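Numbering (this note's numbering), first residue to last: 5 to 590.
The C-beta atom is built at its ideal place from N, Cα and C for all residues, glycine as well.
Remember, predicted model here, so these are calculated numbers, not experimental data.
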Ligand code: BES
Ligand code: ZN
């Protein structure tokens, strides 16, 4: 069976001996009554070919397959594997240029969340969104679902007439017919399948600049437009650092609160959690992060999930360069110091699985969602900082631009990065012991440590209840660093004194709020429980669910409350967030 065939990716059935998809034409009808997409996917190949073709699917019902002439093609849908999903095998006659597959999705499709009207701000209309990274696109359409194979696409979605559909692509028109509306798009830039993205709901938009528009439910549009107003200046700065913005538009979609991530870098249309709308732009580094992916991740893409640090570590580095340019070096250093603290906490979650704290991972038999942590983000960031310190900023910046230019619209592995860096700046990798960073556990003792006078001032206050005057002018990042540095477990008295003076429980900055609530829960401070329940009932972002449920479940006095919160709110969480909480409560 094997002679010369090789999998391109441990998380895909795509095989390098088979034809490669170059273009997808996707047509689907969105049925809110049954939580089903009725779809037709036409895959056109780079070159005509024949023989076996294996596609990735998950929970799809395949209704038929045909070639470009409409000639039916035999297919076999294999039994589902727990991580990869079900392989769809087709047998193509020689010279096949395209296959057209009719199918429908499952109501439990892992990429989709269907929200009832009462789960939206407006309360009148349902909402649907996709989240395909890392390997969920296959639950929306049959594909060669590996980032090694980029595709261009056209798409057409039929939705209820009262709703608007948006997609990470160029809008090409809307037509209405009776109760229904059909929206069309074209994606001129080739993308890895995990960047396929769309949402359907009652949406309104406001222009922020000629190339930036914000979308949100009408009730949140004004707040979102205020929060993200700096986006054009961010793009300008990013272009000066990383080269021209290659995606024409950068729009932002404000997601429902159940969106499981902070943001998702869907090209031309970044998805952002509404929890970043603090009212004072104090969480816009998430926007900078998703924007930075337009270069690191979307232009230069990890070849598979084992090289995820190439996406996220580079993006955290790029995000902090943007923050530094807009808000100054001091602020970027504070972000890095917080990153280091969160990294140490993340690593502590993997005492029995040190291999998941390597930058390059081996994920055969492992679900990328289970391997997800801050390690590729922050360890990747500090590794790049170590390289930058070794060669100096000017040389590192010049190399970064050449790396982005050379691998533009490509997919690469860790070895591709290493070879490129070594060619440009020979010897530096060995000097920082890159092998230890990439294939070793934990953090090297030589890792650069963020230092500044404000960090030192914070450290002096650790564990005290400071005078209000001593905290004048603190940024949200400083408040978080301060809270993170309170020795655990704190006493209930300390918590009460802190909250009486600084009103953390009333904070509108979710990062500060959740850091505070976690500290108070770990102290056994029952007075925060109503606020914890409120957050868990309203927000489905996994970054917040994880520490809150963990702290609740760890304390015998609040363990039952954790289960009760999940029983009450869990149905409103995204499928992957439900899975996370179930694993925490087990
Ligand atoms: N691409 C990620 C989100 C993601 C990663 C989704 C892996 C699915 C699988 C996105 O760019 C991201 O990193 N979001 C962060 C925000 C950030 C500022 C670190 C998040 O969600 O917290
Ligand atoms: Zn990211």
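- Here residue 586 is exposed, its C-beta having fewer than 16 other C-beta atoms within 10 Å.
- Looking at the DSSP output, residue 255 shares a beta bridge with 273.
- Out of 427, 433, 230, 205, the CA that lies nearest to the CA of residue 392 is found in 433.
- Unbroken alpha helix (DSSP H) stretches of 4 residues or longer found wholly inside the stretch 202-246: 225-231, 235-246, given in chain order.
- Annotation for residue 299: no beta strand (DSSP E) segment contains it, and DSSP assigns it neither H nor E.
- Only exposed fits residue 244, as fewer than 16 other CB atoms lie within 10 angstroms of its CB.
- In this structure, ligand 1 has no non-hydrogen atom nearer than 7 Å to the beta-carbon of residue 383.
- Approximately 6 Å separates the beta-carbon atoms of residue 298 and residue 251; this is inside 8 Å, confirming the contact.
- Between ligand 1 and residue 267, a heavy atom-to-CB distance of less than 7 Å is present.
- Leaving aside the five residues that flank residue 267 on each side, the residues in its chain whose CB is nearer than 8 Å to its CB run, in chain order, 274, 275, 276, 277, 280, 290, 291, 293, 294.
- For residue 78, the closest C-alpha among the options 86, 103, 84 is that of 103.
- Contact holds between the stretch 92-106 and the stretch 45-57, because three or more Cβ pairs, one in each stretch, are under 8 Å apart.
- Under DSSP, residue 105 shares a beta bridge with 45, 69.
- Around the C-beta of residue 230, fewer than 16 other C-beta atoms lie within 10 Å, and the residue is accordingly described as exposed.
- Bounds of the alpha helix (DSSP H) holding residue 375 are 372-375.
- The beta carbon of residue 191 sits closer than 6 Å to those of 156, 157, 173, all from its chain and outside the five residues before and after it, given in chain order.
- Of all C-beta pairs linking the stretch 338-350 to the stretch 367-380, three or more are shorter than 8 Å, placing the two stretches in contact.
- Take residue 364, set aside five residues on each side of it, and the residues of its chain with a beta-carbon closer than 8 Å to its own are 310, 311, 313, 418, 442, 443, in chain order.
- DSSP, read as helix, strand or coil, puts residue 583 in helix.
- Taking the C-beta atoms as reference points, residue 188 is found nearer than 8 Å to residue 176.
- By the CB criterion at 8 Å, residue 29 and residue 148 fall outside the cutoff.
- Note that the C-beta distance between residue 139 and residue 372 is below 8 Å.
- CA-to-CA, the gap between residue 58 and residue 10 works out to about 12 Å.
- Look at residue 484 here: in three-state DSSP terms it is helix.
- Buried is the label assigned to residue 581, since at least 16 other Cβ atoms lie within 10 Å of its Cβ.
- Linking residue 494 to residue 468 through their CA atoms gives a straight-line distance of about 11 Å.
- From the listed residues 584, 583, 95, 573, the smallest Cα separation to residue 123 is found for 573.
- Residue 306 carries a strand assignment under DSSP once its states are collapsed to helix, strand and coil.
- Residue 534: member of the alpha helix (DSSP H) spanning 533-542, first to last residue.
- Straight-line measurement puts the Cα of residue 541 at about 13 Å from the Cα of residue 578.
- Cα atoms of residue 386 and residue 321: separation of roughly 8 Å, rounded to the nearest angstrom.
- If you draw a straight line from the Cα of residue 369 to the Cα of residue 87, it comes to about 7 Å.
- Cβ contact annotation for residue 318 (same chain, cutoff 6 Å, sequence separation greater than five): 300, in chain order.
- By the CB criterion at 8 Å, residue 422 and residue 409 fall outside the cutoff.
- Counting other Cβ atoms within 10 Å of its Cβ, residue 22 reaches 16 or more and is therefore classed as buried.
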